[in-house]
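Residue numbers (our numbering), protein chains in the order written: chain L, 681 to 793; chain W, 11 to 124.
A quick write-up on the structure given underneath.
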């Protein structure tokens, strides 16, 4: 069964550094998402992306965050200058339709020191 | 505020016993409803979904869920739990309309004892 893959599985970064989290969505999917889960808290929506542009973003997704689909297969989340509070598990998801279920990757655990 | 509530943070059941995990939502219209499961170190796997129609939906791994509009609930059930069902379970909704973001509950951690 096709799946969403995320790399790396764990990223350790110094505060203030830039980090890029990578995702390969399911190949025929058109809608892409990033969510995050801070330890002990609920999964929170960050951003959705369709037709090469952001379709929706949360208030968490400020100017420090950006997303990109640099080629036909990858979908990336960049945090420009990381803060301690960015430490979380970041999940990428994709779907083939606006209201169809979103399929999730295994996540990238981001640790900011 | 619009939200998804899972009132049980942690549930322990015996293997072979039945299971019901509760989920309530507070939205004006019926949203699209989902249950996901997260095993340790893994991502979120879709168990089942409800969009419309029959209010009892079947999912993978022997799970089912029933949508009750009058109670704004979408409870997950399994008649006989297996040790491999130990995981965290998340109820989630898509409100619909202009948004397709998933809004998650806080999760219920299921432990299964022999």
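Cβ atoms here follow ideal geometry from the backbone N, Cα and C, with glycine treated the same way.
Legend entry - Per-residue DSSP class, three states only, for residue 778 of chain L: In the structure shown, residue 778 of chain L sits in coil (DSSP, three-state: anything other than H, G, I, E or B).
Inset, instruction - Measure the CB-CB distance between residue 21 of chain W and residue 31 of chain W and report whether it falls below 8 Å. - result: Closer than 8 Å, so yes.
Legend entry - Helix, strand or coil at residue 686 of chain L [DSSP, three-state]: Of the three classes helix, strand and coil, the one that applies to residue 686 of chain L here is strand, per DSSP.
Inset, instruction - Could I get the ranges of all uninterrupted alpha helix (DSSP H) runs contained in the region 698-726 of chain L, with 4 residues as the minimum, in chain order? - result: For the region 698-726 of chain L, not a single whole alpha helix (DSSP H) run of length 4 or above is found.
Inset, instruction - Could you say which of W:15, W:24 and W:13 lies nearest to residue 95 of chain W if we only look at CA atoms? - result: Nearest C-alpha to residue 95 of chain W: W:24.
Legend entry - the region 725-749 of chain L: positions lying closer than 7 Å to chain W by Cβ: From the region 725-749 of chain L, only 725, 728 and 736 have a Cβ closer than 7 Å to chain W.
Legend entry - Bridge partners - residue 30 of chain W, DSSP secondary structure assignment: Its beta-bridge partners are W:87.
Inset, instruction - Name, please, each residue of chain L whose Cβ falls closer than 8 Å to the Cβ of residue 103 of chain W. - result: None at all; the shortest Cβ gap to chain L is about 11 Å.
Inset, instruction - Return yes when at least one heavy atom of the ligand SAH lies under 7 Å from the C-beta of residue 106 of chain W, else no. - result: In the structure on display, the ligand SAH does not appear, and there are no ligands present to speak of.
Inset, instruction - Would you mind sorting residue 717 of chain L into buried or exposed? The rule is 16 or more other CB atoms within 10 Å of its CB. - result: Buried, because 16 or more other Cβ atoms sit within 10 Å of the Cβ of residue 717 of chain L.
Inset, instruction - Starting from residue 76 of chain W, follow the beta strand (DSSP E) in both directions and report where the run begins and ends. - result: 74-78 is the span of the beta strand (DSSP E), which, as asked, contains residue 76 of chain W.
Legend entry - Of the listed residues L:777, L:706, L:692 and L:696, nearest to residue 686 of chain L (C-alpha basis): Cα-wise, what sits closest to residue 686 of chain L is L:706.
Inset, instruction - Work out the CA separation of residue 709 of chain L and residue 775 of chain L for me, nearest whole Å. - result: Cα-Cα distance, rounded: 5 Å.
Inset, instruction - Look up residue 765 of chain L in the DSSP assignment and say whether it is helix, strand or coil. - result: Three-state result, residue 765 of chain L: helix.
Inset, instruction - Taking all protein chains shown into account, decide if residue 110 of chain W is buried (16 or more other Cβ within 10 angstroms of its Cβ) or exposed. - result: Residue 110 of chain W comes out buried.
Legend entry - Sequence-distant residues of its chain with Cβ nearer than 7 Å to residue 682 of chain L (five each side left out): Taken in chain order, the residues that qualify are 706 and 707.
Inset, instruction - Measuring only between beta-carbons, confirm whether residue 59 of chain W sits less than 8 Å from chain L. - result: So, interface residue.
Legend entry - Proximity winner among W:35, W:28 and W:27, relative to residue 16 of chain W (alpha-carbon distances): With distances taken between CA atoms, residue 16 of chain W lies nearest to W:35 out of W:35, W:28 and W:27.
Legend entry - Short CB-CB distance (under 8 Å) between residue 110 of chain W and chain L: Taking 8 Å as the CB threshold, residue 110 of chain W lines the interface with chain L.
Legend entry - Counted within 10 angstroms of its Cβ, other Cβ atoms place residue 783 of chain L as buried (16 or more) or exposed: So residue 783 of chain L ends up on the buried side.
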